[in-house]
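**Student:** Per this note's numbering, the very first residue in the sequence shown carries number 3; after that it's consecutive.
C-beta atoms are modelled at their ideal positions from N, C-alpha and C, and glycine is treated no differently.
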Amino acid sequence: MKFDIVTIFPAMVEQPLASGILRRAIDRGTLDVKVHDLRDFTTDRHRVVDDVPYGGGPGMVLKPEPIFRALDAIEAQRGRPAAVVLTSPQGTRFSQDEAHRLSRLAHIVFVCGRYEGVDERVRDRVTEELSIGDYVLSGGELPALVMIDAIARLVPGVVGDERSVEEDSFSRGLLDFPQYTRPAELAVRGPDPEIPAERSAGTLKVPDVLLSGNHAEIRRWRKREALTRTLDRRPDLLRGASLDEEEEHILRELQDGRMAGLQKGKVGSEGA
Ligand code: SAM
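1. Whole angstroms is fine: what's the gap from Asp161's alpha carbon to Ala199's?
2. Tell me the rounded alpha-carbon separation between Phe112 and Ile252.
3. Roughly how many angstroms separate the alpha carbons of Leu144 and Val138, rounded to a whole number?
4. Go to Ser166, then tell me how far its alpha helix (DSSP H) extends in each direction, as first and last residue.
5. With Glu131 and Leu176 assumed to form a contact (beta carbons below 8 Å), what rounded beta-carbon distance in angstroms separates them?
6. Kindly examine ligand 1 and report whether one of its heavy atoms sits closer than 6 Å to the Cβ of Leu139.
7. When you compare the stretch 147-162 with the stretch 39-54, are there three or more beta-carbon pairs, one atom per stretch, that lie closer than 8 Å?
8. Within 10 angstroms of the Cβ of Met261, are there 16 or more other Cβ atoms? Answer buried if so, exposed if not.
9. Threshold first: 4 residues or longer. Then list the alpha helix (DSSP H) segments lying entirely within the stretch 151-214, N to C.
10. Beta carbon of Gly135: closer than 6 Å to some heavy atom of ligand 1?
11. Which term fits Thr183, buried or exposed, when burial requires 16 or more other beta carbons within 10 angstroms of its beta carbon?
12. Would you call Arg116 buried or exposed, if buried means 16 or more other Cβ atoms sit within 10 Å of its Cβ?
13. Which first and last residues belong to the beta strand (DSSP E) in which Lys36 is found?
14. Just to confirm my understanding: we take Pro180, look at its own chain, exclude 5 residues before and 5 after, and list those with CB closer than 8 Å. What are they?
15. Following a CB-centred definition, is Ser97 positioned closer than 6 Å to any heavy atom of ligand 1?
16. Have a look at Gly142 and Arg30 and give me their C-alpha separation to the nearest angstrom.
17. Only counting the same chain, and skipping five residues up and downstream in sequence, which positions put a Cβ closer than 7 Å to that of Asp170?
18. Output the distance between the C-alpha atoms of Glu247 and Ser105, rounded to the nearest integer angstrom.
Listed below in structure tokens is the structure:
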């Protein structure tokens with residue numbers, strides 16, 4: 003899969019691409035990522051990419067011509083992209099579903115805004131505008147990297163064991179189950195710094211089921227934990243979740259248990 007990133011700070015995106023999963027996928031040729039310095043598409047001696055806003059007001063605006071030239075050059079060198087994404091806090095909210103959709107495209111260009119943003123006419127050349135959340139960052143470089151990382155993980159061959167992607171949070175509308183690694187027992191002191199270590203010390207243990215070697219039990223425990231977490235932290239996700247029969251059953255058990263707990267509490271408080 004091909005990605006192109008248009009930015010005035012190439013070093014800001016090159017560094018994160020040079021390590022970890024993305025780096026390995028680039029080295030293997032599974033991903034083809036090119037970073038383009040917007041200043042290379044200016045025509046003046048000072049390589050100016052921004053100008054003051056018409057109508058006045060604070061800040062600067064990224065000029066349209068260098069961006070149009072950069073997009074033309076990318077199309078000429080690398081072919082017509084399937085999507086040109088403008089990073090913008092005003093865009094559609096990026097999500098795991100969006101990542102899945104974009105991971106099926108062969109070639110995506112990201113345009114990174116800066117300052118007050120890009121000249122409005124650039125929106126004529128972009129196919130979509132995406133935001134990574136309801137907050138404002140100083141530039142589109144981090145959002146572009148966030149989206150590329152999330153999209154690339156879904157491209158076959160990028161993550162070594164594809165089961166880990168399938169089990170990731172949000173993949174089926176569920177948060178991931180808790181993970182543990184060695185040691186099976188961890189000596190810790192208590193959280194209260196006022197209590198001396200020798201009196202607060204305890205042991206944090208890995209749940210017995212994970213050490214049991216009983217794979218059917220482990221699978222069921224993980225399903226229950228993923229459902230419990232989702233119910234506690236993000237019940238909204240369960241509306242769109244695709245659950246198997248066993249998960250549906252566990253979810254009903256959890257919901258019935260909670261309902262019974264609530265009713266018990268209500269009767270208790272009414273009786274008091
Ligand atoms: N004045 C703009 C507004 O209120 O919509 C914000 C400009 S912001 C300081 C500069 C650039 O950072 C934007 O053009 C965009 O490329 C990027 N950016 C900031 N927050 C973002 C977000 N939440 N998602 C995606 N891109 C963002």
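**Tutor:** In this structure, then:
1. As a first step, residue 161 must be located in the sequence shown, where it is residue number 159. As a first step, residue 199 must be located in the sequence shown, where it is residue number 197. Sequence check: residue 161 is Val here, not Asp. The alpha-carbon atoms of Val161 and Ala199 are separated by roughly 42 Å.
2. Along the sequence shown, read from residue 1 onward, the residue named residue 112 stands at position 110. Along the sequence shown, read from residue 1 onward, the residue named residue 252 stands at position 250. Their Cα atoms are separated by approximately 42 Å.
3. To locate residue 144, count along the sequence shown from 1; it is residue 142. To locate residue 138, count along the sequence shown from 1; it is residue 136. One C-alpha to the other measures close to 11 Å.
4. Position 164 of the sequence shown, counted from the start, is the residue given in the question as residue 166. Here the alpha helix (DSSP H) through Ser166 covers 164-169.
5. What you label residue 131 is simply residue 129 of the sequence shown in a count that begins at 1. What you label residue 176 is simply residue 174 of the sequence shown in a count that begins at 1. Contact flag wrong, Cβ pair sits at about 29 Å.
6. The count along the sequence shown starts at 1 and reaches residue 139 at position 137. Because some heavy atom of ligand 1 lies under 6 Å away, the Cβ of Leu139 counts as near it: yes.
7. no
8. In the sequence shown, counting from the first residue as 1, residue 261 sits at position 259. Result: exposed.
9. 164-169, 199-202, 210-213
10. Along the sequence shown, read from residue 1 onward, the residue named residue 135 stands at position 133. Yes, Cβ of Gly135 sits closer than 6 Å to a heavy atom of ligand 1.
11. On the sequence shown, position 181 is the one that residue 183 refers to. When all chains shown are included, Thr183 counts as exposed.
12. If you number the sequence shown from 1, residue 116 lands on position 114. Buried, since its Cβ has 16 or more Cβ neighbours within 10 Å.
13. One-based indexing of the sequence shown puts residue 36 at position 34. From DSSP, the beta strand (DSSP E) with Lys36 extends over 34-39.
14. Position 178 of the sequence shown holds residue 180. Same-chain partners within the cutoff: Glu227, Arg231.
15. Looking up residue 97 in the sequence shown gives position 95. No.
16. In the sequence shown, counting from the first residue as 1, residue 142 sits at position 140. In the sequence shown, counting from the first residue as 1, residue 30 sits at position 28. Here the C-alpha atom of Gly142 lies approximately 27 Å from the C-alpha atom of Arg30.
17. Along the sequence shown, one-based indexing puts residue 170 at 168. Within the same chain, Cβ atoms closer than 7 Å to the Cβ of Asp170 are found at Asp178, the five residues on either side in sequence being excluded.
18. Mapped onto the sequence shown, residue 247 falls at position 245. Mapped onto the sequence shown, residue 105 falls at position 103. Their Cα atoms are separated by approximately 29 Å.
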